[in-house]
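J.: There's a structure below that I have some questions on.
2 protein chains.
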Amino acid sequence: MPETESREMYLKSIYELSSTDELVPVSLLAKRLGVSPVSATEMVKRLEGYGAITHQPYKGVALTESGLKRALIVIRRQRLWGRFLADRLKIRWSQVYDLSCRLEHATDETVSEALAEFLGYPTTCPHGHPIPDPDGSVEIPPATPLNEIGFDQEVVIIRIDQPELILCEYLEEKNLLPGTTLTIIDEAPFNGPFTLQVNGKEISLGREISARILVEPTPS
Amino acid sequence: MPETESREMYLKSIYELSSTDELVPVSLLAKRLGVSPVSATEMVKRLEGYGAITHQPYKGVALTESGLKRALIVIRRQRLWGRFLADRLKIRWSQVYDLSCRLEHATDETVSEALAEFLGYPTTCPHGHPIPDPDGSVEIPPATPLNEIGFDQEVVIIRIDQPELILCEYLEEKNLLPGTTLTIIDEAPFNGPFTLQVNGKEISLGREISARILVEPTPS
DNA sequence: CTTTTTTATAAGGTATACCATAAACCAATA
DNA sequence: TATTGGTTTATGGTATACCTTATAAAAAAG
Numbered sequence: 185m186p187e188t189e190s191r192e193m194y195l196k197s198i199y200e201l202s203s204t205d206e207l208v209p210v211s212l213l214a215k216r217l218g219v220s221p222v223s224a225t226e227m228v229k230r231l232e233g234y235g236a237i238t239h240q241p242y243k244g245v246a247l248t249e250s251g252l253k254r255a256l257i258v259i260r261r262q263r264l265w266g267r268f269l270a271d272r273l274k275i276r277w278s279q280v281y282d283l284s285c286r287l288e289h290a291t292d293e294t295v296s297e298a299l300a301e302f303l304g305y306p307t308t309c310p311h312g313h314p315i316p317d318p319d320g321s322v323e324i325p326p327a328t329p330l331n332e333i334g335f336d337q338e339v340v341i342i343r344i345d346q347p348e349l350i351l352c353e354y355l356e357e358k359n360l361l362p363g364t365t366l367t368i369i370d371e372a373p374f375n376g377p378f379t380l381q382v383n384g385k386e387i388s389l390g391r392e393i394s395a396r397i398l399v400e401p402t403p404s
Numbered sequence: 185m186p187e188t189e190s191r192e193m194y195l196k197s198i199y200e201l202s203s204t205d206e207l208v209p210v211s212l213l214a215k216r217l218g219v220s221p222v223s224a225t226e227m228v229k230r231l232e233g234y235g236a237i238t239h240q241p242y243k244g245v246a247l248t249e250s251g252l253k254r255a256l257i258v259i260r261r262q263r264l265w266g267r268f269l270a271d272r273l274k275i276r277w278s279q280v281y282d283l284s285c286r287l288e289h290a291t292d293e294t295v296s297e298a299l300a301e302f303l304g305y306p307t308t309c310p311h312g313h314p315i316p317d318p319d320g321s322v323e324i325p326p327a328t329p330l331n332e333i334g335f336d337q338e339v340v341i342i343r344i345d346q347p348e349l350i351l352c353e354y355l356e357e358k359n360l361l362p363g364t365t366l367t368i369i370d371e372a373p374f375n376g377p378f379t380l381q382v383n384g385k386e387i388s389l390g391r392e393i394s395a396r397i398l399v400e401p402t403p404s
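Chains as they are written, first to last, in my numbering: chain A, 185 to 404; chain B, 185 to 404.
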């Protein structure tokens with residue numbers, strides 16, 4: 185399979201979207217990549233032909249072993265670049281994901297391994313995700329979506345799932361970054377927003393966003 | 185004009201090839217980019233339509249003012265990445281040009297300016313070429329092709345023109361890098377190779393290669 | 001000045017990756 | 001069970017960027 189940027193993006197997106205569920209609906213994939221469902225189906229067939237994914241019609245797609253490895257190698261590169269952009273170049277946290285996404289496709293093994301050494305083999309990206317090994321293996325530290333946490337439980341943000349630009353700009357403004365400590369102090373009815381206590385301030389946060397914020401109880 | 189990788193490569197190549205002559209023959213451009221003359225002509229027409237280059241049929245192409253600026257911005261990015269790869273990642277000198285060439289297209293202004301600051305605003309790339317300003321302006325320090333230098337004149341290598349992989353691997357092996365001091369001690373007849381004195385050793389070097397090595401007399 | 005070489009153009013094709021529209025199909029629900 | 005809605009397939013189209021083959025035109029060389 186020739187490694188094009190488009191194919192790498194599909195594999196990466198399937199990986200990111202399959203974090204919760206087993207099968208990723210093609211429609212969801214299409215929405216994620218900003219293409220029509222027809223285009224996504226086309227590409228899904230191509231990737232299936234290459235043995236990178238499996239497709240259960242009307243159900244969704246999943247990465248094969250080799251597809252998963254490819255995805256994780258791409259993700260390793262993006263997360264290494266993420267660290268570089270954030271830590272060394274002092275690029276704004278919210279911009280890092282999108283910018284590292286462009287660099288990941290222009291990076292081969294020589295560069296990514298030299299970069300890893302240069303950075304001192306970091307273990308997580310600026311959004312809190314673990315950086316896979318060069319051979320494409322990761323262990324994902326357990327964490328709980330913020331919307332599943334009860335009241336008055338002090339938690340610390342571990343990572344942000346699917347950290348797109350708009351979400352990150354919002355979180356950056358509210359200072360909800362990995363490492364931030366917070367407590368849910370109220371919950372509006374009818375699936376309304378949570379009220380959080382963060383750095384002595386009260387913040388209102390919608391359900392959808394809070395599902396993307398993964399936390400764990402503070403080790404008190 | 186949408187900035188595709190291919191277009192950026194054409195503009196960059198035209199710039200690099202026009203260092204000596206005014207007009208770059210389309211055939212030369214085609215050879216440089218590894219495409220057929222027909223394909224190069226097609227692209228030349230497109231770029232002319234965008235106002236990035238001018239084309240004098242049967243003569244060659246030249247960058248317009250805006251095309252030159254675009255080319256120099258791309259070149260700035262490549263040369264900054266070149267410094268990063270060589271100095272920070274310790275990538276082998278001969279590999280740097282090709283690897284930085286991939287990164288240049290994945291870099292926007294935010295990243296390239298942050299990179300410039302991180303690197304401490306270097307003035308030359310690892311091959312000795314000056315790094316253009318962010319607005320696309322350069323001054324090229326004078327230097328003489330090695331094949332135009334007389335005998336027994338001690339010179340120092342300033343830069344390597346068109347530093348492709350194969351050339352660089354050869355030069356790296358022979359230790360002919362920017363900063364190296366050498367003297368031409370002999371010249372074979374019928375356009376045969378030069379004999380150089382480098383680091384106490386004698387080296388034989390062909391004419392074509394020596395035309396790519398730009399030097400200046402050592403300030404003795 | 002003619003011939004050869006180089007350069008350009010014309011015509012037809014390939015591959016990737018996207019689009020819209022319409023028809024067929026499955027699944028879940030009313 | 002029939003219908004609705006999401007999914008898939010089919011068809012035809014776009015854009016980029018490459019290819020080969022062949023012809024035409026200009027430049028250089030004899």
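All C-beta atoms in this analysis are idealised placements derived from N, C-alpha and C, irrespective of residue type, glycine included.
Around the C-beta of Lys385 of chain B, are 16 or more other C-beta atoms found within 10 angstroms, so that it is buried, or is it exposed?
T.: Exposed: under 16 other Cβ atoms inside 10 Å.
J.: Quick check: the Cα distance between Asn375 of chain A and Val219 of chain A, rounded to an integer number of angstroms?
T.: The straight-line gap from Cα to Cα measures roughly 30 Å.
J.: Are the C-beta atoms of His289 of chain A and some chain B residue less than 8 Å apart?
T.: Yes - at least one Cβ of chain B is within 8 Å of the one on His289 of chain A.
J.: From the DSSP output, which residues share a beta bridge with Phe378 of chain A?
T.: Per DSSP, A:Glu371 and A:Leu389.
J.: Beta carbon of Leu217 of chain A, beta carbon of Ala224 of chain A: below 8 Å?
T.: In contact: Leu217 of chain A and Ala224 of chain A (Cβ atoms closer than 8 Å).
J.: Relative to the alpha-carbon of Ser211 of chain B, which residue among B:Lys196, B:Val228 and B:Ser203 has its alpha-carbon at the smallest distance?
T.: When each option's Cα is compared against that of Ser211 of chain B, the closest is B:Val228.
J.: Quick one: give me the first and last residue of the alpha helix (DSSP H) that Gln128 of chain A is part of.
T.: Outside the shown range of chain A (185 to 404) lies residue 128 of chain A, about which nothing can therefore be said.
J.: With DSSP collapsed to three states, give me the class of Pro318 of chain B.
T.: In this structure, Pro318 of chain B counts as coil in the three-state DSSP scheme.
J.: So Phe302 of chain A and Leu273 of chain B are supposed to be a Cβ contact under 8 Å. How far apart are they, rounded?
T.: Their Cβ separation, rounded to whole angstroms, is 5 Å, which keeps Phe302 of chain A and Leu273 of chain B in contact under 8 Å.
J.: Compare the C-alpha of Phe378 of chain B against each of B:Gly235, B:Thr364 and B:Ile393 and name the closest.
T.: Of the candidates B:Gly235, B:Thr364 and B:Ile393, the one whose C-alpha sits nearest the C-alpha of Phe378 of chain B is B:Ile393.
J.: Is Tyr281 of chain B buried or exposed, if buried means 16 or more other CB atoms sit within 10 Å of its CB?
T.: Buried: at least 16 other Cβ atoms inside 10 Å.
J.: For Glu297 of chain A, which residues of its own chain have a beta-carbon under 8 Å away from its beta-carbon, when the five flanking residues on both sides are left out?
T.: Same-chain partners within the cutoff: Pro318.
J.: Applying the criterion that 16 or more other CB atoms from any shown protein chain within 10 Å of the CB defines a buried residue, is Leu252 of chain B buried or exposed?
T.: The residue in question, Leu252 of chain B, is buried, as its Cβ has 16 or more Cβ neighbours within 10 Å.
J.: Per DSSP, Gly244 of chain B is paired with what?
T.: DSSP lists B:Gln240 as partners of Gly244 of chain B.
J.: If you measure from the beta carbon of Gln279 of chain B to each beta carbon in chain A, is any gap under 8 Å?
T.: Yes, because at least one Cβ of chain A sits closer than 8 Å to the Cβ of Gln279 of chain B.
J.: So, is Leu349 of chain B buried or exposed, given that buried needs 16 or more other C-beta atoms within 10 angstroms?
T.: So Leu349 of chain B ends up on the exposed side.
J.: Residues of chain B with a CB under 8 Å from the CB of Thr294 of chain A: which are they?
T.: By Cβ distance, chain B contributes Ile275, Gln279 and Leu283.
J.: Would you call the stretch 192-200 of chain A and the stretch 242-250 of chain A in contact, with 3 or more CB pairs under 8 Å?
T.: Enough Cβ pairs lie closer than 8 Å, so yes.
J.: Mind checking Ala300 of chain B: buried by the 16 CB within 10 Å criterion, or exposed?
T.: By the neighbour-count rule (16 or more Cβ atoms within 10 Å), Ala300 of chain B is buried.
J.: Which residues in the same chain have their Cβ closer than 6 Å to the Cβ of Thr369 of chain B, if we skip the five residues on either side of it in sequence?
T.: The displayed chain sequence assigns Ile, not Thr, to residue 369 of chain B. Thr379 and Gln381.
J.: Tell me the residue span of the beta strand (DSSP E) that contains Arg216 of chain A.
T.: Taken as a continuous stretch (DSSP letters only), Arg216 of chain A belongs to no beta strand (DSSP E), being part of the alpha helix (DSSP H) at Val210 to Leu217.
J.: By how many angstroms is the C-alpha of Gly334 of chain B removed from the C-alpha of Gly320 of chain A?
T.: Taking the straight line from one Cα to the other gives about 56 Å.
J.: So with CB distances below 7 Å, who are the chain A contacts of Arg272 of chain B?
T.: Chain A residues near Arg272 of chain B: Phe302.
J.: Cβ closer than 7 Å: which chain B residues qualify as neighbours of Arg286 of chain A?
T.: The answer, in chain order, is Ala290.
J.: For Leu299 of chain B, decide whether its Cβ has a neighbour in chain A, counting only Cβ atoms nearer than 8 Å.
T.: Interface residue, yes.
J.: Find the nearest neighbour of Arg260 of chain B within the set B:Tyr234, B:Pro316, B:Glu338 and B:Leu361, judged by alpha-carbon distance.
T.: Nearest option by C-alpha distance: B:Pro316.
J.: Please state the DSSP three-state secondary structure of Ile198 of chain B.
T.: Ile198 of chain B falls in the helix class under three-state DSSP.
J.: If the cut-off is 8 Å on Cβ atoms, which residues from the stretch 240-274 of chain A count as contacting chain B, listed in chain order?
T.: Residues Leu269, Arg272, Leu273 and Lys274.
J.: Between the C-alpha atoms of Glu189 of chain A and Ala214 of chain A, what's the straight-line distance to the nearest angstrom?
T.: The straight-line gap from Cα to Cα measures roughly 16 Å.
J.: Rounded to a whole number of angstroms, what is the C-alpha to C-alpha distance between Ile324 of chain A and Asp271 of chain B?
T.: Their Cα atoms are separated by approximately 33 Å.
J.: Since Pro329 of chain A contacts Ala372 of chain A with CB under 8 Å, what's their CB separation in whole angstroms?
T.: Not quite, the Cβ-Cβ distance comes to about 18 Å (not below 8 Å), so this is no contact.
J.: For Leu360 of chain B, which of helix, strand or coil comes out of DSSP?
T.: In this structure, Leu360 of chain B counts as coil in the three-state DSSP scheme.
J.: Less than 8 Å between the beta carbons of Pro147 of chain B and Arg343 of chain B, yes or no?
T.: This structure does not reach residue 147 of chain B, given that chain B is present from 185 up to 404, and the question cannot be answered.
J.: One question on the structure: do Thr308 of chain B and Thr365 of chain B come within less than 8 Å of each other, judged by their Cβ atoms?
T.: No, Cβ-Cβ distance for Thr308 of chain B and Thr365 of chain B is not below 8 Å.
J.: Once the 5 residues before and after Glu338 of chain A are set aside, which same chain residues still bring their CB inside 6 Å of it?
T.: Correct list, in chain order: Thr367 and Thr402.
J.: Which stretch, first to last residue, makes up the alpha helix (DSSP H) that contains Arg261 of chain A?
T.: That run of the alpha helix (DSSP H) goes Glu249 to Arg267.
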